[in-house]
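First up is the structure itself, then whatever we jot down about it.
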Amino acid sequence: MMTNTPDILKKIIARKEQEVIECKKIISFDQMMKKAYDDRETVDFYQALKDKVDLKQNAIIAEIKKASPSKGVLRENFNPVEIAKSYEAHGAACLSVLTDKDFFQGDDQYLIDVREAVSLPILRKEFIIDPYQVLEARVMGADCILLIAACLSDGEMEILAQHAMQLNMDILVEVHNAEELKRALQLPLIMIGINNRNLRTFDVSLQTTVDLLSDIKDDILVITESGILTSENVAFMREHDVYSFLVGEAFMRQDDPGVALQEIFKG
Numbered sequence: 009m010m011t012n013t014p015d016i017l018k019k020i021i022a023r024k025e026q027e028v029i030e031c032k033k034i035i036s037f038d039q040m041m042k043k044a045y046d047d048r049e050t051v052d053f054y055q056a057l058k059d060k061v062d063l064k065q066n067a068i069i070a071e072i073k074k075a076s077p078s079k080g081v082l083r084e085n086f087n088p089v090e091i092a093k094s095y096e097a098h099g100a101a102c103l104s105v106l107t108d109k110d111f112f113q114g115d116d117q118y119l120i121d122v123r124e125a126v127s128l129p130i131l132r133k134e135f136i137i138d139p140y141q142v143l144e145a146r147v148m149g150a151d152c153i154l155l156i157a158a159c160l161s162d163g164e165m166e167i168l169a170q171h172a173m174q175l176n177m178d179i180l181v182e183v184h185n186a187e188e189l190k191r192a193l194q195l196p197l198i199m200i201g202i203n204n205r206n207l208r209t210f211d212v213s214l215q216t217t218v219d220l221l222s223d224i225k226d227d228i229l230v231i232t233e234s235g236i237l238t239s240e241n242v243a244f245m246r247e248h249d250v251y252s253f254l255v256g257e258a259f260m261r262q263d264d265p266g267v268a269l270q271e272i273f274k275g
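FYI, in our numbering the residues of the sequence shown are 9 to 275.
Shown next as structure tokens:
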């Protein structure tokens, strides 16, 4: 963990460390590794986005998220499988499924159930700090893992990325500022997520993505995260040649999340 990690992440990471210890008592690292390597083939998460971006089409990672620390419960009537099917029917390129229980009211079972229900590539949206969690993600059916630069040292990011690549999984590294981006770019990345939310204040600014673009080579796929709530927000990002989006809150608050996706990204 980084010494300047925001307080909310410190709380989450402390809980994750305890979770990993508890999980290893139930299924050992070696047992989980065997399960991971025996599992099905992955679906190419990166390529599902890249195919759309190359055509300058919106490449949407649609998120399945019941709650968040900053906004509380987003959706009372929460059926992950129904939401996933609606997303798939209305044009999502990939899915993101929250598995954190304590802070986001997620669950590992949500990802397992969604994997069985749809064919889209899936990101395990989790605070990954240990290689064991990478193995877990593979066993659940995830095709991609999230590494949050604010949570991890350079060495930790490298080790976790290596484990994911050995399992033929894609890696989405999330950054919030120029310092984190510089660290992330030391990895052999093919895609990077820029989170527009300041983790200290929870304020959101789409300018965060725009300001960091010039430091990223053209061959790295950029995904903008947080603050995409309207078609105007989408148009703003497209004006800056950003075509890939991770969106959850804007969809979760609507009656049918898939229809909401289609509405916001109709252009």
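Cβ atoms here follow ideal geometry from the backbone N, Cα and C, with glycine treated the same way.
Three or more beta-carbon pairs separated by less than 8 Å are not found between the stretch 30-38 and the stretch 169-176, which leaves the two stretches without contact.
No Cβ-Cβ contact shorter than 7 Å links Leu17 with Cys152.
Under the three-state reduction of DSSP output, Leu207 falls in the coil class, being neither helix nor strand. For Met148, DSSP records no beta bridge to any residue. Between the alpha carbons of Thr217 and Glu233 lies a gap of roughly 8 Å. In the assembly as shown, Arg261 is an exposed residue. Its beta-carbon has fewer than 16 other beta-carbons within 10 Å. For the beta strand (DSSP E) assignment, the uninterrupted runs of no fewer than 3 residues enclosed by the stretch 226-266 are, from N- to C-terminal side, 229-233, 252-255.
Taking a 10 Å sphere around the C-beta of Val181, we find 16 or more other C-beta atoms and assign the residue as buried. The C-alpha of Leu63 is placed about 25 Å away from the C-alpha of Leu154. The stretch 18-28 makes no contact with the stretch 185-198: fewer than 3 CB pairs, one atom from each, lie closer than 8 Å. Counting only runs of 3 or more residues that sit fully inside the stretch 42-91, the beta strand (DSSP E) segments are 67-72, in chain order.
With 16 or more other CB atoms across the displayed protein chains lying within 10 angstroms of its CB, Val183 is buried. DSSP, reduced to helix, strand and coil, places Met173 within a helical segment of the structure shown. By the CB criterion at 7 Å, Val61 and Ser252 fall inside the cutoff. Secondary structure note for Glu27: its alpha helix (DSSP H) is the uninterrupted segment 15-34. Under the three-state reduction of DSSP, Glu182 is assigned to strand. In the displayed model, Gly163 falls within a helix according to three-state DSSP. DSSP places Ser94 in the helix class (H, G or I) of the three-state scheme.
Here the alpha carbon of Gln55 sits roughly 15 Å from the alpha carbon of Ala150. Listed in chain order, the beta strand (DSSP E) elements of length 3 or more contained wholly in the stretch 107-137 are 130-133. A distance of 7 Å or more separates the beta carbons of Gly99 and Asp108.
Membership of Gln215 in the alpha helix (DSSP H) is indicated by the continuous run 215-220. For Ser76, the number of other beta carbons within 10 angstroms of its own is at least 16, and it is reported as buried. Scanning Glu247, Val122, Asp162, Asp116 for the CA closest to the CA of Ile137 turns up Asp162.
In this structure, the CA atom of Glu49 is about 23 Å from the CA atom of Leu229.
Annotated as distal: Asn203 and Val212, with beta-carbon spacing of 7 Å or more.
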